[in-house]
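A.B. asks: Okay, here's the structure, questions in a sec.
Numbering (this note's numbering), first residue to last: 99 to 196.
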């Protein structure tokens with residue numbers, strides 16, 4: 099084995115370029131695990147990017163109001179329950195470990 103990895107053809111081989119079609123196939127495989135109703139909503143949140151940057155606008159739909167009972171990257175179950183349970187009680191100090 100050589101010290102310089104650039105001289106070793108097995109280590110210097112570049113992976114094939116990532117295409118939009120290959121990325122879409124990967125996304126379709128992941129989304130296949132969802133039921134049809136959830137797939138309809140999740141499909142808007144995941145789109146392949148264009149490595150050549152020829153897309154004029156972003157296709158991902160973000161900043162959409164969350165559906166009740168669904169975990170999102172913007173919230174957590176603890177914060178939601180804290181707001182629902184302790185939010186209405188304003189005349190006391192709330193101590194929580196979380």
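C-beta: ideal position from N, C-alpha, C; glycine also.
1) Roughly how many angstroms separate the alpha carbons of residue 140 and residue 129, rounded to a whole number?
2) Quick check on DSSP: helix, strand or coil for residue 131?
3) Rounded to whole angstroms, what's the CA-CA distance from residue 136 to residue 142? Just pull it up for me.
4) Have a look at residue 191 and residue 144 and give me their C-alpha separation to the nearest angstrom.
5) Just the Cα atoms here: how many angstroms apart are residue 115 and residue 188?
6) Return the CA-CA distance between residue 126 and residue 117, expressed in angstroms with no decimal places.
C.D. replies: For this structure:
1) Distance from the CA atom of residue 140 to the CA atom of residue 129, rounded to whole angstroms, is 8 Å.
2) Coil at residue 131, not helix or strand.
3) Straight-line Cα distance between these residues: approximately 11 Å.
4) Residue 191 and residue 144 have their C-alpha atoms some 42 Å from each other.
5) In this structure, the alpha-carbon of residue 115 lies about 57 Å from that of residue 188.
6) Rounded to the nearest angstrom, the two C-alpha atoms are 14 Å apart.
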